[in-house]
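The listed protein sequences derive, respectively, from chains A and B.
Just so you know, we're using my numbering here: the first sequence kicks off at 1 and counts up by one.
Just so you know, we're using my numbering here: the second sequence kicks off at 131 and counts up by one.
We put the beta carbon where it would ideally sit given N, CA and C, even for glycine.
Given the structure is predicted, the values throughout are model-derived calculations rather than measurements.
There are 2 protein chains.
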Amino acid sequence: MRIAELEKRTGVNRHTLRYYEKEGLLLEVHRGGNNYRDYPEKAVDRVAMVCQLKDLGFSIREIRDLLNALRSDRIDCAEGAYLMAEKKAAVEKKIRELRQIRKLLDSEQKRLEASAVAHGLSLKRTATTR
Amino acid sequence: MRIAELEKRTGVNRHTLRYYEKEGLLLEVHRGGNNYRDYPEKAVDRVAMVCQLKDLGFSIREIRDLLNALRSDRIDCAEGAYLMAEKKAAVEKKIRELRQIRKLLDSEQKRLEASAVAHGLSLKRTATTR
DNA sequence: GTAAAGTATAGAGTAAGCTCTAAGGTCAAG
DNA sequence: CTTGACCTTAGAGCTTACTCTATACTTTAC
Numbered sequence: 001m002r003i004a005e006l007e008k009r010t011g012v013n014r015h016t017l018r019y020y021e022k023e024g025l026l027l028e029v030h031r032g033g034n035n036y037r038d039y040p041e042k043a044v045d046r047v048a049m050v051c052q053l054k055d056l057g058f059s060i061r062e063i064r065d066l067l068n069a070l071r072s073d074r075i076d077c078a079e080g081a082y083l084m085a086e087k088k089a090a091v092e093k094k095i096r097e098l099r100q101i102r103k104l105l106d107s108e109q110k111r112l113e114a115s116a117v118a119h120g121l122s123l124k125r126t127a128t129t130r
Numbered sequence: 131m132r133i134a135e136l137e138k139r140t141g142v143n144r145h146t147l148r149y150y151e152k153e154g155l156l157l158e159v160h161r162g163g164n165n166y167r168d169y170p171e172k173a174v175d176r177v178a179m180v181c182q183l184k185d186l187g188f189s190i191r192e193i194r195d196l197l198n199a200l201r202s203d204r205i206d207c208a209e210g211a212y213l214m215a216e217k218k219a220a221v222e223k224k225i226r227e228l229r230q231i232r233k234l235l236d237s238e239q240k241r242l243e244a245s246a247v248a249h250g251l252s253l254k255r256t257a258t259t260r
């Protein structure tokens, strides 16, 4: 597929897609005789994965290392496994911290709700969203 | 305490501390007669909290809103509770996504380790870090 | 075959979040 | 009463991650 379709299907700006490619996040982007990019179907998933990792706070460089290790059926399996373990540790740390924050938010929410009720205020949209 | 001590105890650059203050992340920073900042003891915790939230991907603006709601024993309890619920939902979404990523990383790590062993490579630092 | 739409590259511009520099005021030690 | 370590502000500079502009080539539609 051409860049316009990938842009449409991923919601990622075409300039950003070219930037990701330049940064090594998208590999195997072949070109037609007209020099236009021709993305494979799986590019959609790859871009989605990049977006997700980005939202989780990984930098472009980290994402590149991670994704490249993931698709490496190459020699450096031990190195790849090491990288995985490293990222996993980082992910686990984030999960732990987020749990702590959630706990804090939860108790604060309850406290504020109680306060609001005490002041006789409506809680229309307030009570336990989702 | 003065800025040098807060810098030392939090590990956050003094320019950054002033920047955080300007952005409304640090409140009640009083001044002595010499116009020097005089931070209260709890500023250390407050800065630590800012750092943690930052690492979790919250923007300066989001952190300001969140922390100000947390310390508000003011009128807008209902609004504060709503804010808490909102952030909590975002935090929970992140946790879910990170769990998924961890799962992926875990299976990839195992695959790569198996590959490495199959190739007769050493796994010195590799096997399940932490 | 020409206009409109799509693609290419190179490089400028933007926003967030720092990080540092310059120029100057404060204060304790010697 | 000066030296040196601290503090102040204003504003410049830097990095990351886009986002856009300019210029030019290709394709599609009429």
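Does the beta-carbon of E158(B) have 16 or more other beta-carbons within 10 angstroms, so that it is buried, or is it exposed?
With fewer than 16 other Cβ atoms within 10 Å, it is exposed.
If we cut at 9 Å on Cβ distances, does L27(A) have a partner in chain B?
no
Roughly how many whole angstroms lie between the Cα atoms of E92(A) and L228(B)?
Approximately 8 Å between the Cα atoms of the pair.
Hey, V50(A) and L67(A): beta-carbon distance below 9 Å or not?
yes
Could you work out which residues of chain A lie near D236(B), taking near to mean beta carbons separated by less than 8 Å?
From the beta-carbon of D236(B), the residues of chain A found nearer than 8 Å are M84, K88.
Note down the Cα distance separating K152(B) from K218(B), rounded to an integer number of angstroms.
26 Å
Given R37(A), which residues of its chain have a CB within under 7 Å of its CB, disregarding the five upstream and five downstream residues?
For R37(A), where only same-chain residues beyond five positions count, the Cβ hits under 7 Å are R2, I3, V29, R31.
What is the DSSP secondary structure of N64(A), reduced to helix, strand or coil?
One detail in the question is off: residue 64(A) reads as Arg in this sequence, not Asn. If DSSP states are grouped into helix, strand and coil, R64(A) belongs with the helices.
Consider the Cβ of V221(B): report whether some Cβ of chain A lies at a distance smaller than 9 Å.
yes
Does at least one heavy atom of the ligand FMN sit under 8 Å from the Cβ of L67(A)?
Of ligands this structure carries none, so the ligand FMN is not represented either.
Hey, would you say L105(A) sits closer than 9 Å to V44(A), going by beta carbons?
no
In the DSSP output, what is D38(A) paired with across the bridge?
H30(A)
Quick one, which residues of the stretch 154-187 of chain B are near chain A if we go by CB-CB under 8 Å, in chain order?
So the close ones are Q182, L183, D185, L186, G187.
Please list the partners that A134(B) has in chain A, where partner means a Cβ-to-Cβ separation under 7 Å.
Chain A residues near A134(B): none, gap ~28 Å exceeds 7 Å.
Kindly list the residues whose CB is nearer than 7 Å to the CB of I190(B), restricted to its own chain and excluding five residues on each side of it in sequence; keep chain order.
E153, L155
In whole angstroms, give me the CA-to-CA distance for E264(B) and F188(B).
No answer is possible for residue 264(B): the residues shown for chain B start at 131 and end at 260.
Compare the C-beta of L70(A) against all C-beta atoms of chain B and say whether one is closer than 9 Å.
True, the Cβ-Cβ gap to chain B drops below 9 Å.
What residues from chain A crowd round R232(B), counting only those whose CB sits closer than 8 Å?
K88, V91, E92, I95, listed in chain order.
Going by alpha carbons, who is nearest to R102(A) out of Q239(B), T146(B), K224(B)?
K224(B)
For R2(A), which of helix, strand or coil comes out of DSSP?
coil
Here's the rule: buried if 16 or more other CB atoms are within 10 angstroms of the residue's CB, otherwise exposed. What is R96(A)?
exposed
Should E243(B) go down as buried or exposed, given a rule of 16 or more other Cβ atoms within 10 Å for buried?
buried
Roughly how many angstroms lie between the CA atoms of A81(A) and A90(A), to the nearest whole one?
14 Å
Cβ of K240(B) less than 9 Å from any chain A Cβ?
Taking Cβ atoms only, chain A reaches closer than 9 Å to K240(B), which makes this a yes.
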